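J.: One structure is given below, represented as C-alpha cells, and several questions about it will come after.
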Amino acid sequence: MDIKPANNFLQTLIADDLRSGRVQEVVTRFPPEPNGYLHVGHAKSICLNFGLAERFGGRCNLRFDDTNPEKESQEFIESIQADVRWLGYQWAGEVRYASSYFQQFYDWAVHLVRNGDAYVCELNAEQAREYRGTLTEPGRNSPYRERSVEDNLDLLTRMRAGEFDEGSKVLRAKIDMAAPNMNLRDPILYRIRKAAHHQTGSEWAIYPTYDFAHGQEDAIEGVTHSICTLEFEDHRPLYDWFIEHLPVPSRPRQYEFGRLNLNYTVTSKRKLKQLVDEGVVDGWDDPRMPTIAGMRRRGFTPAAIRTFCDMIGVTRSDGVVDVAMLEHAIRDDRNENAPRALCVLHPLKLVLTDLAPDHRQVLTAPAHPTREDLGSRELPFTRELYIDADDFREEANKKYKRLVLGKRVRLRNACVVEATEVVKDTAGNITEVHAVTIPDTFGEDPADGIKPKGVIQWVSASAGRRATVRLYDRLFTHEAPDRGDNAFMDFLNPDSLKVVTDAWIEPSLADAAPEQGFQFEREGYFVADRYQHTPEQPVFNRTIGLRDTWNAGGGDQA
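Each position in the sequence shown, counted from 1, maps to that position plus 62 in my numbering.
Written out as C-alpha cells, the structure reads:
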C-alpha cells in the first residue's frame, strides 16, 4: 500500500510495521469504560485510534471494558456510541464488550492456575497493602502463595459459584513480589463481586480486573496496535506477561502517548460525577461540562474538535494544553461556516418616528459575508424596533461608536438613523429612543456626507421573536482547578451561566433546527439547544464569544 509520510511517532511505528511485514492490516480499538460520559480527553483518543485506522486502511473496534458492573450503565453505553458517531467515526463490525469474553477470561485464569502461575489469596485489603511493599522496599510473598494447584482450582471454582463473601478472596497472578515495577507484584486477576451486570445479568459472581482483561481482549480481537495513554506505560510489562503466559490467538503490542490535559478544565470522571450529583451543572451534557455531549450541546462542531486534536499533536509525554487553543479552533470553524443572524440581548425600543405606524418592508441580507452558497435571509423592517440597551447613550465621548442622542448610527443591513429624543419612566429609566431615518441610506452613505458613528444590530418589535439565550462561559476561574492541593469546587466561576429570558431574535431563527449554529452579529456564536429549542419557545446557547477576553483578565462575556 502507499504509506503517507508520518506526522507523529505512532504513525511512524505503524508505517514501519507495515513495511517490515510485522502486521498485514492495522487494527486499533477504542476501549472506554461505560462508567460516565466521555470528555474532551477521550475525544483525542477517539480521533487518534479511529484516525490511525483510517490513515492506514485498517479498522478500529469500539469495545466497552465493562468489568466493573457497580459503576456502569446502559445510559453510558448509549451516550458513548452517540459521541463516536457524532465525531464522524464508525467502528468495525458490531460493538464489542469485555463481558462477551468473560468465559474465555475465566478459562485462561484456570490455565494460569494449572500452570502454577496464579493462586487464590485470602489477605484482606489492609494486609495486602502491607505485604505489597513500597517503591523502595520489596514486597513479601502472601502466606497463601504456595497453595497446591488442586486447592487453587477448587477455591476458584467455588468463587465462581458464589460461595464466598465479597472481599474474602481474590485470584492473583504469581509473578514477583520483589519486582521494581509494583504492577508485577502478584496483581489481582479476579475479585468477588455479587453485583448484577448490565450485559450478563447475575451469571457471574467474580469479575476480572482491567489489567487482566485488557490485553486478552486485544488478542481475541486481533488488535495490532493497542494505543493507551501514558499512565499505562508501567502496566505494559504486565500486559506482555499475560500475553506470553496465555494461549492467546494473536500478539498485540501496547504503545503509549501523552493524554490531553486542558487548563481551566477538570476531566476526572469522579469529579465530573460530583458536579452532576451536587447539582452544580444540569447533567453530564450541561454545555459547561468538558464532556463530548456537553460540547455538542454548547455548539462545538465535530470538525472543530478534530482540528483541535490535530493542532495539539501526539507526543510521548504529558503536558497541559491551553484551552484557548480549543476555543480558537471553535472560532475559526464557526467564523467560516456559521450563518449570521441578528439578536438583541438587552432590548430597548427604538421608534422611527418618520415612518408610518404600519410601515413594513422586507430587507434581504446575506447569510454569510463570504459564503454565497449559504444564501440569504429576509429581515422585516418596521417602525418599531429593538436595539441593545448598551448601544445607546444620551451623551458619550468620541470613542463611543454607537447611537447617541443627536448622532447617527447604521442599523445592520438597513439604513442610517439619527436619535432625536428619549422617553423615560417615572424613575428616570429610558424606555424608548425616538429616531428618524436618513433618506436613501439603504446600502448607501448619507448624501449630506455626515457618516454614522458605527453599526448596531436590531430586530423588528412586531415581527421579531422573543427567545431565551443562555450565556455560557468557562466553568472554572483557576487555570489548574484540580491539580496539587487545589479543591476544585473552590474555583467554580459564578458567571459560568447567565440566562437572558427576554432576548429578541430575527424571526427566521425561531425555525432553526436543533443544534444549528449561528453568529449573532457583534455578540458571538450561538446554537439552537438540541433538546429545548422549539419555534414556539426558541432557546439558544452561547458557544463562544467573538474574541478571547480571558487573557485580558475577564470572562468571555457578551
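Using N, Cα and C, we set each Cβ at its ideal position, and we do this for glycine too. Just so it is clear, the structure is predicted and the values come from calculations on it, not from any experiment.
If you count every other CB in all the chains shown that lies within 10 Å of the CB of glutamate 228, and 16 or more means buried, which is it?
T.: Exposed, because fewer than 16 other Cβ atoms sit within 10 Å of the Cβ of glutamate 228.
J.: Can you name, in chain order, every residue of its own chain whose Cβ lies under 8 Å from the Cβ of leucine 509, other than the five neighbours on each side?
T.: Residue identity differs from the one stated: residue 509 is alanine in this sequence, not leucine. Pro501 and Asp502.
J.: Secondary structure at tryptophan 170, three-state DSSP: helix, strand or coil?
T.: Reduced to three states, the DSSP call for tryptophan 170 is helix.
J.: Write down the C-beta distance between arginine 474 and leucine 404 rounded to the nearest angstrom, noting that I regard them as a contact closer than 8 Å.
T.: Confirmed, Cβ separation roughly 6 Å.
J.: Counting only runs that start and end within the segment 420-488, where is the alpha helix (DSSP H) found for 4 or more residues in a row?
T.: You should have found no qualifying run.
J.: What residue range is occupied by the uninterrupted beta strand (DSSP E) comprising lysine 560?
T.: Unbroken beta strand (DSSP E) run through lysine 560: 559-567.
J.: If I follow the unbroken beta strand (DSSP E) through threonine 493, where does it start and stop?
T.: Its beta strand (DSSP E) spans residues 492-499.
J.: Indicate the three-state DSSP secondary structure (helix, strand or coil) for threonine 369 in the structure shown.
T.: Three-state result, threonine 369: helix.
J.: Cutting at 7 Å between CB atoms, please list the residues of its own chain near lysine 106, excluding the five before and the five after it.
T.: Contacts found: Leu322 and Cys371.
J.: Can you look up lysine 236 in the DSSP assignment and give me helix, strand or coil?
T.: If DSSP states are grouped into helix, strand and coil, lysine 236 belongs with coil.
J.: With 16 as the cutoff for other CB atoms within 10 Å, does tyrosine 593 come out buried or exposed?
T.: Result: exposed.
J.: Looking only at C-alpha atoms, which of His297, Thr596, Val89 and Ser438 sits nearest to aspartate 248?
T.: Of the listed residues, the one whose Cα sits closest to aspartate 248 is His297.
J.: Where glutamine 619 and aspartate 238 are concerned, what is the direct C-alpha to C-alpha distance, given to the nearest angstrom?
T.: With a pLDDT of 44 at glutamine 619, under the threshold of 50, the modelled position of that residue is not reliable, and no figure is offered here.
J.: Of all the beta strand (DSSP E) runs that stay within the bounds of the segment 243-289, which reach a length of 3 or more residues?
T.: The qualifying runs are 250-254 and 268-270.
J.: Quick check on DSSP: helix, strand or coil for arginine 396?
T.: Three-state result, arginine 396: helix.
J.: Tell me the rounded alpha-carbon separation between phenylalanine 92 and valine 495.
T.: For phenylalanine 92 and valine 495, the distance between alpha carbons rounds to 59 Å.
J.: How is valine 102 classed by DSSP in three states: helix, strand or coil?
T.: Of the three classes helix, strand and coil, the one that applies to valine 102 here is helix, per DSSP.
J.: Please tell me whether serine 524 and threonine 444 are closer than 7 Å, where the distance is taken between their beta carbons.
T.: Against a cut-off of 7 Å, the Cβ pair of threonine 444 and serine 524 comes out as a contact.
J.: In the DSSP assignment, what are the bridge partners of glutamine 581?
T.: DSSP, once it has assigned bridges, lists Arg402 and Tyr587 as partnering glutamine 581.
J.: For valine 382, does the three-state DSSP call read helix, strand or coil?
T.: Strand at valine 382.
J.: How would you write the range of the beta strand (DSSP E) that phenylalanine 126 sits in, first residue to last?
T.: Phenylalanine 126 -> beta strand (DSSP E) spans 121-126.
J.: In chain order, what are the residue ranges of uninterrupted beta strand (DSSP E) at least 3 long that sit wholly in the segment 155-224?
T.: If we require 3 residues or more, the beta strand (DSSP E) runs fully inside the segment 155-224 come out as 180-183.
J.: Buried or exposed: arginine 378, going by 16 or more other Cβ atoms within 10 Å of its Cβ?
T.: Arginine 378 comes out exposed.
J.: In this structure, does DSSP put asparagine 325 in helix, strand or coil?
T.: Asparagine 325 falls in the coil class under three-state DSSP.
J.: The alpha helix (DSSP H) that contains valine 146, what's its start and end?
T.: It spans 136-148 - the alpha helix (DSSP H) in which valine 146 sits, taken as one unbroken run.
J.: Return no unless some Cβ of chain C is closer than 7 Å to the Cβ of leucine 218.
T.: Included in the structure is just one protein chain, with no chain C present.
J.: By DSSP, does threonine 530 sit in helix, in strand, or in coil?
T.: Note: threonine 530 maps to strand in three-state DSSP.
J.: Look at the alpha carbon of tyrosine 534 and the alpha carbon of serine 162, and state the distance between them as a whole number of angstroms.
T.: Looking at the two C-alpha atoms, the distance is approximately 42 Å.
J.: To the nearest angstrom, report how far apart valine 146 and valine 328 are at their CA atoms.
T.: The alpha-carbon atoms of valine 146 and valine 328 are separated by roughly 21 Å.
J.: Helix or strand or just coil, what does DSSP make of phenylalanine 71?
T.: DSSP places phenylalanine 71 in helix when its eight states are reduced to three.
J.: Using C-beta distances below 6 Å, list every residue in its chain close to proline 401, excluding the 5 sequence neighbours before and after it, in chain order.
T.: So the qualifying residues of the chain are Ala429, His430, Leu436 and Phe580.
J.: Tell me the rounded alpha-carbon separation between glutamine 316 and isoleucine 289.
T.: Distance between the alpha carbons of glutamine 316 and isoleucine 289: 6 Å.
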